[in-house]
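Chains as they are written, first to last, in the working numbering: chain A, 11 to 125; chain B, 23 to 132. Have a look at the structure below before the remarks.
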């Protein structure tokens, strides 16, 4: 069974631009979560989607948004990029939604560098 | 584990020895816990999980112990191998949210 796939692996953008990251979950997984990982803050929760609905959202500004499609694939978008948005963005899928205790399975992330 | 912290605590273990990695969690209401391994350039990889109604769970070469009294979680790796070198971190689940620890870097010495 294929794991979580994230594209692209690397992105370099300049301040003010916007970016879209893509995630394909493990087949059969309907929940997709997004995390930002930085050396200073570790893993920070962005949002969770289940059956095309955003279930939960972390403490990030509205510049960060996402969506989920009917095939469970998800995208996240960051608009008006800032230098501080440079990070590894991780997508994770799980079998059940966040109220169920099923483990998150992560992709290898998209490394975003904002210059 | 390039992206979980520049100054992570480091555990150095001789190849073949057992490793014990510890984690203190913050909330007694957390009901589910997971250990992850993250190698450089990769995403976190699921190792083992445990629910709060258990004290111990074993997998292949790994054991997780949960002490709810002192809110402590540990990961034991038996017969540590060079491929075990990575950053390890725990995650606690509270309602819908996972809270991740900052991680411990495991170095396996030949």
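Heads up, the beta-carbon is just placed ideally off N, CA and C, and yes, glycines get one too. Please read all numbers here as calculations on a predicted model, not as lab measurements.
Per-residue DSSP class, three states only, for residue i
i	result
residue 30 of chain B	coil
residue 95 of chain A	helix
residue 13 of chain A	coil
residue 106 of chain B	helix
residue 119 of chain A	coil
residue 54 of chain B	strand
residue 76 of chain B	coil
residue 94 of chain B	strand
residue 44 of chain B	strand
residue 114 of chain A	coil
residue 120 of chain B	strand
residue 21 of chain A	strand
residue 27 of chain A	coil
residue 64 of chain B	coil
residue 89 of chain B	strand
residue 14 of chain B	As displayed, chain B neither begins before 23 nor continues past 132, which places residue 14 of chain B out of reach and without an answer.
Pairwise C-alpha distance: residue j and residue i
i	j	result
residue 123 of chain B	residue 79 of chain A	31 Å
residue 132 of chain B	residue 38 of chain B	9 Å
residue 90 of chain B	residue 81 of chain B	20 Å
residue 85 of chain A	residue 57 of chain B	26 Å
residue 76 of chain B	residue 24 of chain A	49 Å
residue 32 of chain A	residue 75 of chain A	12 Å
residue 42 of chain A	residue 116 of chain B	17 Å
residue 55 of chain B	residue 67 of chain A	21 Å
residue 68 of chain B	residue 44 of chain A	16 Å
residue 60 of chain A	residue 127 of chain B	33 Å
residue 74 of chain B	residue 26 of chain A	45 Å
residue 129 of chain B	residue 31 of chain B	11 Å
residue 96 of chain B	residue 118 of chain B	23 Å
residue 114 of chain B	residue 107 of chain B	23 Å
residue 100 of chain B	residue 43 of chain B	12 Å
residue 60 of chain B	residue 34 of chain B	16 Å
residue 18 of chain A	residue 88 of chain B	38 Å
residue 86 of chain B	residue 123 of chain A	36 Å
residue 8 of chain A	residue 65 of chain A	Here chain A comprises residues numbered 11 to 125, so residue 8 of chain A is not present and cannot be evaluated.
residue 102 of chain A	residue 104 of chain B	27 Å
residue 50 of chain B	residue 81 of chain A	37 Å
residue 77 of chain A	residue 69 of chain A	17 Å
residue 112 of chain B	residue 79 of chain B	15 Å
residue 13 of chain A	residue 40 of chain A	14 Å
Beta-carbon separation (whole angstroms), residue i vs residue j, contact threshold 8 Å
i	j	result
residue 98 of chain B	residue 109 of chain B	Incorrect: roughly 17 Å between the Cβ atoms, too far for contact.
residue 36 of chain A	residue 115 of chain A	6 Å
residue 90 of chain A	residue 28 of chain A	7 Å
residue 58 of chain A	residue 108 of chain A	5 Å
residue 20 of chain A	residue 121 of chain A	5 Å
residue 119 of chain A	residue 65 of chain B	5 Å
residue 102 of chain B	residue 62 of chain B	That belief does not hold up - the Cβ atoms of residue 102 of chain B and residue 62 of chain B are roughly 18 Å apart, past 8 Å.
Neighbourhood of residue i by C-beta, 8 Å cutoff - its chain only, sequence neighbours within 5 removed
i	result
residue 49 of chain A	none
residue 15 of chain A	33, 34, 117
Contact set for residue i: own chain, Cβ-Cβ below 7 Å, skip 5 residues either direction
i	result
residue 147 of chain B	Beyond the ends of chain B as shown, which are 23 and 132, falls residue 147 of chain B; an answer cannot be given.
residue 46 of chain A	54, 56, 97, 99
residue 88 of chain A	28, 29, 73, 74, 95
Contacting residues, own chain, Cβ-Cβ under 6 Å from residue i (five flanking each side not counted)
i	result
residue 112 of chain A	104, 105, 106
residue 71 of chain B	56
residue 26 of chain B	Its pLDDT being 34, under 50, residue 26 of chain B is placed unreliably in this model, and the coordinates cannot settle the point.
residue 121 of chain B	114
residue 110 of chain A	none
residue 53 of chain B	74
Run through the region 38-105 of chain A for me and flag every whole alpha helix (DSSP H) of 4 or more residues, listed as ranges in chain order. none
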